[in-house]
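Residue numbers (the working numbering), protein chains in the order written: chain A, 2 to 658; chain B, 2 to 658.
No residue lacks a Cβ here, since even glycine has one placed at the ideal position from N, Cα and C.
Bear in mind that the values here come from a model prediction, so they are computed numbers and not experimental data.
Okay, structure first, notes after.
2 protein chains.
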Amino acid sequence: MSQHVVVSPHEDEPPGLHRVANAPPRRSWRTWLIGRPLATADAPHQTIGKTVGLAVFASDALSSTAYATQEILLILAGAGVAALVYGFPISIAIVVLMAIVTISYQQTIHAYPDGGGAYIVARDNLGELPAQIAGAALLTDYILTVAVSISSGVAQLVSAYPSLQIWRVEVAVILVLFVMVINLRGVKESGIAFAIPSYFFIAMMYLTVGIGFVRLLVGELGTVVDPPPLEIEEVASVSLFLLLHAFSSGTAALTGIEAISNGVTAFREPRSRNAAITLVWMALILATLFLGISYLAGEIRALPSEEETVISQVARTALGGRNLLYLAVIGATALILVMAANTAFAGFPRLGALQAADGFLPRQLTYQGSRLVYSRGIISLAVFACILIIIFRASVSGLIPLYAIGVFLSFTLSQAGMARRWWKIGHMAPGAVVQERGSVLAYESGWHTKMAINAFGAVCTAIVMLIFAVTKFTGGAWIVLILLPVLVFIFEMIHRHYRRLAQQLTLRDYRAPTRIRRHRVIMPISGVHQGTLAALRYARSLSDDVTAVHISIDPEREMALRRRWATWGDGTRLVILDSPYRLMLEPLLEYIEEIAASQEANEVLTIVVPRFVPRGWWQNALHAQTAVWLRFALMFRPGIVITDVPYLVHETEMEER
Amino acid sequence: MSQHVVVSPHEDEPPGLHRVANAPPRRSWRTWLIGRPLATADAPHQTIGKTVGLAVFASDALSSTAYATQEILLILAGAGVAALVYGFPISIAIVVLMAIVTISYQQTIHAYPDGGGAYIVARDNLGELPAQIAGAALLTDYILTVAVSISSGVAQLVSAYPSLQIWRVEVAVILVLFVMVINLRGVKESGIAFAIPSYFFIAMMYLTVGIGFVRLLVGELGTVVDPPPLEIEEVASVSLFLLLHAFSSGTAALTGIEAISNGVTAFREPRSRNAAITLVWMALILATLFLGISYLAGEIRALPSEEETVISQVARTALGGRNLLYLAVIGATALILVMAANTAFAGFPRLGALQAADGFLPRQLTYQGSRLVYSRGIISLAVFACILIIIFRASVSGLIPLYAIGVFLSFTLSQAGMARRWWKIGHMAPGAVVQERGSVLAYESGWHTKMAINAFGAVCTAIVMLIFAVTKFTGGAWIVLILLPVLVFIFEMIHRHYRRLAQQLTLRDYRAPTRIRRHRVIMPISGVHQGTLAALRYARSLSDDVTAVHISIDPEREMALRRRWATWGDGTRLVILDSPYRLMLEPLLEYIEEIAASQEANEVLTIVVPRFVPRGWWQNALHAQTAVWLRFALMFRPGIVITDVPYLVHETEMEER
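In structure tokens, the structure reads:
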């Protein structure tokens, strides 16, 4: 059955070393689901151009046009239909903010050619705590991106096929799992796969908006429902709070704009320049589509509802009914939303691995699965997203208050980090060069302006974040405001754990321990049979100091056991623990503890447990798993070695297989 | 910290033997929930008289009056309100059946003074298979008793407090768990606790029925709704099938009548006589109440509904409205129903332990918990019952089709067994005495009649069972008809497993194996640190033939490891397993398998795994649990010893605690 190939040892290898290579693992249901394993060597290295780059990174940002307008109107509608006229002005304000953020990120992209995500920028320029805050904010938001995008995607489908209404949660969950599997397979060959739907969406949207405006000009664009449900009253008095509230809901449109700055490395050289240009293009498309939709929504008197999305209302009215074109628009929108979720599946695991490598998340997250992807991160993301979707019944409006606050927190931190970075640069000696983890610092003239720009960006996003936290606090933002510190705390705990463990295990000035002087063996037995004797035989091969221990619950049983032990026990010491309360584990543990307590440094205590080898799962249920429980109980007990010796009945087992 | 008391060794103990007694275990949440542990010596021995006996054993049987009538009417109502007039005649038929069963069980009680449950009677007289069938039938029915009784109890409460309607499932589940805890505590002191509510129920019922009849005679007993919802049409044609269907629904009234025959031992001497008398009394009360309620239900034109139980309708009409008396009746009914569930909690674990002792169920079921009760059986029962309640949304009518079929199957088997027994007795030589497991056989004159009685009982119950199966098949009986054989099959599998294992482990003509000639040790390592070295130290104490194995995923990591190993490895052989697919476990397993394959009988292979000792649960999540996975993977692999050596960092751990 050998699958091993002994390969030629590397030149520098000592004679004592043996090297063995493995054949690829057998296929299994996993192979079927996520594809054949990829060798580490297969890691993809190809880079992408601007056109594909736009497609790959824009889906998250662009897809937000599918719900941003609706969420603005939803809040305004709270103050009566009249208030909806504020929808467009608010959209303009959001686009201004968009411009500011874009400009700031331009600088980040150039400063961090190897990818300048908020986490890295904060870590390099602001230190550990801000970095962890950024990390927490981003992780939370990746989860919300998936939940919101998928939910919105389902909402689009429901608009087209109202009969889906009752199944929205199920559909959403299935979609998440679908995207998860895609990502477990690895999206190496994604370039073209992304380009088509992204550009299809962009095209359909411009078409819709275009047709809409033309028909508006020729004055034949009607309203969603003709005649509009209620005559437009003169504008009711609308509170500033309401406007800010609507505004902060709309800021969801900005989410995903940072994607490009994380993925600079994916671009073809000159990557910074290409990435920067792509960012500008993305921002332009995003801004125009968002404004167009918002304006038309106002014109056609779109009313936000759970049954039909605003996008659907706009498309239906602009394209004159639920025709094929309309279905294409809805399809494209749903598709882009699913892809937006997909980008989060790229970002979350990468960031997780980054934080894990820094020791703030479980190390396992740095482990790449058989398909060269961070499987654990991908799965965790899917699980969390599904939980959110189920809790919020796949309602976008329900999720929005939690969303975007994390995005803006990370915006603020990364811009602040950039500002700090310019300040450092400004105070460097001309010609000096400092290599940081993520980027290279060298004096630049005109650092003042650059610092100013980033600082301004930081301030703006900070203000938006505050507005957001205040206006949406009761709506659900409080959850995030509690969650973030908790996460940061957990990160710190994990970090502390790894640090301390490293100290404890270090071999720096570690003197090898003296050889083991005394080796005690304790062997719990419930009966005397071949299994017990096999264990005994093994125990005695470990040491001469073996003690068999029997927990006595039933006197007759005990007597029988002692009689048989006298015959078969080979003279080994037998201790009977009376258990008047019929407890199995506790007396044994007490006994072990007591012996362990009297141990010295160069003594070892081994517990030998006869283990039954089941032929099938269910058979485990037929045996008191003392070994399992014992290990469980001693898990936190250092200095005790647990050994389980299988019943040597395998010959019989074999022939019976 | 020693809690041990070395007690004087028993006279017959060999010098080599040490005996240690345990102090009672510390208190914990378990102590708080189910009370302090009871020493085996505390096992209760007190017996009870007829009065208390009736209270203890009758609740199950009597409680069925709370739903039997309703279920009859429910079926009849299917053929129009007119059909309801058949309710009373059917009730009479059921009472006749009741009489037959009672008489048959009279004989069982006398024949089995140590308790003659269907399982024992079938086992002693019909053999293994019938016994297991009876066991399966009874276990299923105990579960259904809990589900039905609790659901009906909740239905009563809902009748009184309709606002509870939406919470019925939750309330039912909570009640089940409540009864479970009570039973985990042990119902040693139950006698009086049972007497009060049982007699209270009996009193309230007779009062209701009494008042009902009085008001009926003086002609002032109205109908549930005045005037009755629809004029009584002349009787519509009613199919025989419908009548039989209704009849079989009503037979639920007989459930629990066998309780006394199981518990003869609980009675004061002459126990058989006392038990027999109690049985008669129980049957009389049951019959009269059942008839009374059925008759009144007809008079007041009670209509079965999920909102209000028939009992509630009868009580409300008889007692003139939802007054205090009415509430008392409902309360008493709900209470007796909960107690009926409680009797199942006594029966299920006892039967389970019986079958486990015979080797047809997992041995653990014979283990008495710290409170001298079969905890595992009790918990399993609660779990299964809760599942049923949740699936059937706590609807009695939904559960009824599954119910009682098992009861009648066990009736049939036990009566058939009795008949068989009489036949055996009839063919014994006068004066001869045969000791069977459950009873003593000695020739009796008049065995013919006794045999005839039991045979007749068997036939009747068999017929009812058939009627039941046919009429309720589609309604849900099919589930039970599939379940029972499956259960029996499982029992046999378990039995087979234990038998074969015993053969494999027997020491009969077993020659002690030769001493271990070769001991190989394999030690997987991921890094070189104090933990690894501790494990290495231990491994070398086992054998000189130690091989360290490293799964190489990351070349740099591997290089570093090999460098450190050269320094610290103490010259131990190091094997590098290249894992181009980044799989951790598979390559290791293959390697182990290969070595294991080349083993001879007197060779041993030990896997030494360095185990990290976490300070808290959550820290486990921070470490790839190779040891755990490895053990998992090798669980079915006999002949390999797995040892985990804890990182010796506990000094530090200690001082930090």
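Within 8 Å, strictly: CB atoms of residue i and residue j
{"i": "residue 417(A)", "j": "residue 127(A)", "result": "yes"}
{"i": "residue 280(A)", "j": "residue 110(A)", "result": "yes"}
{"i": "residue 522(A)", "j": "residue 546(A)", "result": "yes"}
{"i": "residue 1(B)", "j": "residue 302(B)", "result": "No information on residue 1(B) is available, as it lies outside the stretch 2 to 658 that chain B covers here."}
{"i": "residue 578(B)", "j": "residue 552(B)", "result": "yes"}
{"i": "residue 157(B)", "j": "residue 401(B)", "result": "no"}
{"i": "residue 297(B)", "j": "residue 210(B)", "result": "yes"}
{"i": "residue 569(A)", "j": "residue 610(A)", "result": "no"}
{"i": "residue 660(A)", "j": "residue 488(A)", "result": "There is no way to answer for residue 660(A), as the model of chain A reaches only from 2 to 658."}
{"i": "residue 242(A)", "j": "residue 361(A)", "result": "no"}
{"i": "residue 300(B)", "j": "residue 218(B)", "result": "no"}
{"i": "residue 550(B)", "j": "residue 589(B)", "result": "yes"}
{"i": "residue 173(B)", "j": "residue 480(B)", "result": "no"}
{"i": "residue 470(B)", "j": "residue 478(B)", "result": "yes"}
{"i": "residue 135(A)", "j": "residue 119(A)", "result": "yes"}
{"i": "residue 57(B)", "j": "residue 195(B)", "result": "yes"}
Residue i classed as buried or exposed, judged by whether at least 16 other C-beta atoms fall within 10 angstroms
{"i": "residue 438(A)", "result": "exposed"}
{"i": "residue 271(B)", "result": "exposed"}
{"i": "residue 295(A)", "result": "buried"}
{"i": "residue 447(A)", "result": "exposed"}
{"i": "residue 642(A)", "result": "buried"}
{"i": "residue 1(A)", "result": "Examination of residue 1(A) is not possible in this model, given that chain A is present from 2 through 658 alone."}
{"i": "residue 606(B)", "result": "buried"}
{"i": "residue 644(A)", "result": "buried"}
{"i": "residue 381(A)", "result": "buried"}
{"i": "residue 142(B)", "result": "buried"}
{"i": "residue 344(A)", "result": "buried"}
{"i": "residue 115(A)", "result": "exposed"}
{"i": "residue 108(B)", "result": "buried"}
{"i": "residue 538(A)", "result": "buried"}
{"i": "residue 404(A)", "result": "buried"}
{"i": "residue 511(A)", "result": "exposed"}
Among the options, nearest to residue i - alpha-carbon criterion
{"i": "residue 367(B)", "options": "582(B), 631(B), 381(B) and 351(B)", "result": "351(B)"}
{"i": "residue 117(A)", "options": "153(A), 415(A) and 501(A)", "result": "415(A)"}
{"i": "residue 144(B)", "options": "407(B), 557(B), 156(B) and 554(B)", "result": "407(B)"}
{"i": "residue 307(B)", "options": "556(B), 348(B) and 155(B)", "result": "155(B)"}
{"i": "residue 394(B)", "options": "624(B), 142(B) and 170(B)", "result": "170(B)"}
{"i": "residue 441(A)", "options": "85(A), 425(A) and 359(A)", "result": "425(A)"}
{"i": "residue 166(A)", "options": "267(A), 396(A), 323(A) and 64(A)", "result": "396(A)"}
{"i": "residue 463(B)", "options": "98(B), 356(B) and 313(B)", "result": "98(B)"}
{"i": "residue 602(B)", "options": "639(B), 369(B) and 588(B)", "result": "639(B)"}
{"i": "residue 261(B)", "options": "61(B), 215(B) and 434(B)", "result": "61(B)"}
{"i": "residue 533(B)", "options": "589(B), 582(B), 457(B) and 646(B)", "result": "646(B)"}
{"i": "residue 83(A)", "options": "336(A), 105(A) and 239(A)", "result": "239(A)"}
(Q) Closer than 8 Å is the cut-off here; do at least three beta carbon pairs connect the segment 239-254 of chain A with the segment 63-74 of chain A? (A) Yes: at least three Cβ pairs fall under 8 Å.
Q) In chain order, what residues of the segment 444-470 of chain A put their CB closer than 9 Å to some CB of chain B? A) The segment 444-470 of chain A vs chain B, Cβ under 9 Å: nothing.
**Q.** Positions along the segment 533-548 of chain B whose CB lies within less than 8 Å of some CB in chain A
**A.** Going along the segment 533-548 of chain B in chain order, one finds 534, 535, 538, 539, 542 and 543 with a Cβ nearer than 8 Å to chain A.
(Q) Tell me which residues of the segment 495-517 of chain B have at least one Cβ-Cβ distance to chain A shorter than 9 Å, keeping chain order. (A) Those would be 495, 498, 499, 501, 502, 503, 504, 505, 506, 507, 508, 511, 513, 514, 516 and 517, in chain order.
Q: Below 8 Å between beta carbons is the criterion; list the residues of the segment 341-365 of chain B that meet it against any residue of chain A, in chain order.
A: Taken in chain order, the members of the segment 341-365 of chain B whose beta-carbon sits within less than 8 Å of a beta-carbon on chain A are 363, 364 and 365.
Q. Which residues, in chain order, does the segment 564-584 of chain A contribute to contact with chain B at a C-beta distance below 7 Å?
A. If the cut-off is 7 Å between Cβ atoms, the segment 564-584 of chain A has 567, 569, 574, 575, 576, 577, 578, 579, 580, 581, 582, 583 and 584 near chain B.
Q: With 7 Å as the limit, tell me which residues of the segment 108-139 of chain B have their beta carbon closer than that to any beta carbon of chain A; keep them in chain order.
A: Flagged: no residues at all.
Q. Which residues, in chain order, does the segment 312-342 of chain A contribute to contact with chain B at a C-beta distance below 7 Å?
A. Among the residues of the segment 312-342 of chain A, none has a Cβ less than 7 Å away from any Cβ of chain B.
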